[in-house]
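Take a look at the structure set out below.
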Amino acid sequence: MCGREIKIKLTLKWLLSMQHLKDPVICQNCMESFSKIELRSICPGCGRRQKERRLCQDCQRWLKMGEENLLKNRAMFVYDVVMKEYMQRYKFSGDYQWRLIFQEQFTNFIKQNSQQNYLYVAIPVDQQTFNTRGFNQVEGLLQNIELSELLEFQTKQGHVKQSTKTRKARMETGQPFKYKGARKLDGENIILLDDIYTTGRTLYHAKHILEAQGAGSIYSFTLAR
1 MCGREIKIKL TLKWLLSMQH LKDPVICQNC MESFSKIELR SICPGCGRRQ
51 KERRLCQDCQ RWLKMGEENL LKNRAMFVYD VVMKEYMQRY KFSGDYQWRL
101 IFQEQFTNFI KQNSQQNYLY VAIPVDQQTF NTRGFNQVEG LLQNIELSEL
151 LEFQTKQGHV KQSTKTRKAR METGQPFKYK GARKLDGENI ILLDDIYTTG
201 RTLYHAKHIL EAQGAGSIYS FTLAR
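What follows is the structure, given as structure tokens:
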């Protein structure tokens, strides 16, 4: 990210291990500029970093809106200025190589914190965005995770991106998804995967579609919150 040359220091332990050398895609200083979220002091509903473990106002608002089961989202990093700069380069400017910065550790984070026998479902992008960007930014952040394609965007003219909306407009967004599975679900448990949790509106829209099709428990993981 900073453009400086990355120097690799080889240890005797590594030399004796006979492991394959992986070229780092980001220097240590740049990686440390991202604010990692410690799971012990998060909001248990959305994964927001807090001083103590309790439901944040956003999640309390979801409960008041009738959401009986929160997503219990887990996120790796705070969506701060540094992460916004990363997303600007990767997601909005379409620099696909930048997926490699987090691909391995985000994948490991998901696998280490999720249970077995869950279906993984990545939040889709609309066709216009895919044609412009050339990739789904969520799928780009994943490595060796088998995805179930159960959701797709409803075809609408003049779709407005969530990233351009105010918080109020995001919360008022109508259901953008439809189910594309070959059959109804039979109590299968699902983990939704997305890049950013902001208001939670997109993830809860996805959750509602899958619940209507017979899904069991539904949780989510995002790179940032």
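Under the UniProt record's numbering, the first residue of the sequence shown carries the number 1, and numbering increases by one thereafter. Just so you know, even glycine gets a beta-carbon here, dropped at the ideal spot from N, CA and C. These figures come from a predicted structure and were not determined experimentally.
Which residue comes first and which comes last in the alpha helix (DSSP H) that contains residue i?
i	result
L63	57-64
V82	81-87
At what residues does the beta strand (DSSP E) containing residue i begin and finish?
i	result
A224	218-224
E38	No beta strand (DSSP E) contains E38, which DSSP labels as neither H nor E.
Tell me the DSSP secondary structure of residue i in three-state form.
i	result
F102	coil
L119	strand
A215	coil
G69	The question names Gly, yet the displayed sequence has Asn at residue 69. Three-state result, N69: coil.
C30	helix
Taking the DSSP output, what are the residues bridged to residue i?
i	result
F77	K36, A224
H42	The sequence given here has Ile at residue 42, not His. BP columns for I42 point to R49.
For residue i, which residues from the same chain have a beta carbon less than 7 angstroms from its beta carbon, with the 5 sequence-adjacent residues on both sides left out?
i	result
R133	G94
R4	C27
residue 227	Within the shown structure, residues of the chain are numbered from 1 to 225, placing residue 227 beyond reach of any answer.
I37	G47, R49, A75, M76, F77, V78, R225
L55	C43, P44, G45
E52	S41
R89	D95, W98
E146	Y120
Considering only residues of the same chain and omitting the five flanking positions on each side of residue i, which have a CB-CB separation below 8 angstroms?
i	result
L151	V121, I123, P124, F177, K178, Y179, K180, A206, I209, L210
L71	G45, C46, L192, G200, L203, Y204, K207, I218, Y219, S220
Q162	R170, T173, T198, R201, T202
V82	S33, F34, S35
Q154	Q175, P176, F177, K178
N117	N189
Q143	Q103, E104, T107
In its own chain, which residues sit with a C-beta less than 6 angstroms from the C-beta of residue i, not counting the 5 before and 5 after it?
i	result
G140	R99
K91	Q137
L110	Residue 110 is actually Ile in this sequence, not Leu. Contacts found: F221.
S148	L119, V121
S114	I191
D195	Q137, V138, L223
Taking only runs of the beta strand (DSSP E) that begin and end inside the stretch 126-204, which ones reach a length of at least 3 residues, in chain order? 151-153, 177-179, 189-196
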